[in-house]
Amino acid sequence: MALVISPQRHLTVVEPVSRGAVGAAALFVAGLFVIVTLVVAFHATIAAQQLEIDKVTAELRAARAYHDELRQSRAALIAPDVLRERAAGEGMVPGRTGRFVAVPQDVAVAVAVASGSMDDDVALPRPEDSLQPDDAIGG
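Numbering (the working numbering) for the sequence shown: -18 to 120.
Written as C-alpha cells, this is what we have:
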C-alpha cells in the first residue's frame, strides 16, 4: 500500500513563535494566578471575620437577653405588692398618716455630728459662720 498525497492539500510554513511572546504569555498566566490567589485569600479572610462578627453578635444577643431577665427579676423584687407582702411578713404595718415633719437645721447637724458622718470642716463651723439666715443677710 502506497501513501498518496493529494495535490489539493497546501501546506504553509508557520513563523516560529518568538521567545518574547512566550515569556509575555507565561508572565500573564503567572500574574493571573497571583491575582486569583489573592482574591481567594481575601474572600477567606472576609469569611473568617464574618464568622467572628456572627459569634460576637450571638454573645451580645445572649447578654442582652440575660440583662432583660435580670431587669425583670429586679422589677419583680421591688414591685409594691411584693414589698408589701415582705413587710407584712416581718411584722410591719402601713403608716396611718402621710404627714411630713420638717427637721430643723441645727438638729440635722447635731445628728450628723453625733453619727460621725460629716467632715470636721462642716461639723465644726467657724465662729464667723452662722446657721441663722438673718445673720448671713446682715439683718
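Note that the Cβ used here is the ideal one computed from N, Cα and C, for glycine as well.
Three-state secondary structure (DSSP) at Ala60?
Here Ala60 sits in coil by DSSP.
Tell me which same chain residues have a C-beta within less than 8 angstroms of the C-beta of Gly119, skipping the five on either side of it?
Only weak support is given to the placement of Gly119: the predicted model assigns it a pLDDT of 49, under 50, and the value that follows is read from those uncertain coordinates. Same-chain partners within the cutoff: there are none.
Could you tell me the alpha carbon to alpha carbon distance between Leu8 and Val(-2), rounded to whole angstroms?
Cα-Cα distance, rounded: 16 angstroms.
DSSP three-state assignment for Leu50, whether helix, strand or coil
At residue 50 the sequence reads Glu, which differs from the Leu that was named. The answer is helix: DSSP assigns Glu50 an H, G or I state.
So, are the CB atoms of Ala57 and Val63 less than 8 angstroms apart?
Yes, they are a contact pair.
DSSP-derived helix/strand/coil call for Arg55:
Secondary structure at Arg55: helix, using DSSP grouped into helix, strand and coil.
Please state whether DSSP places Arg65 in a helix, a strand or coil.
Assigned with DSSP and collapsed to three states, Arg65 falls in helix.
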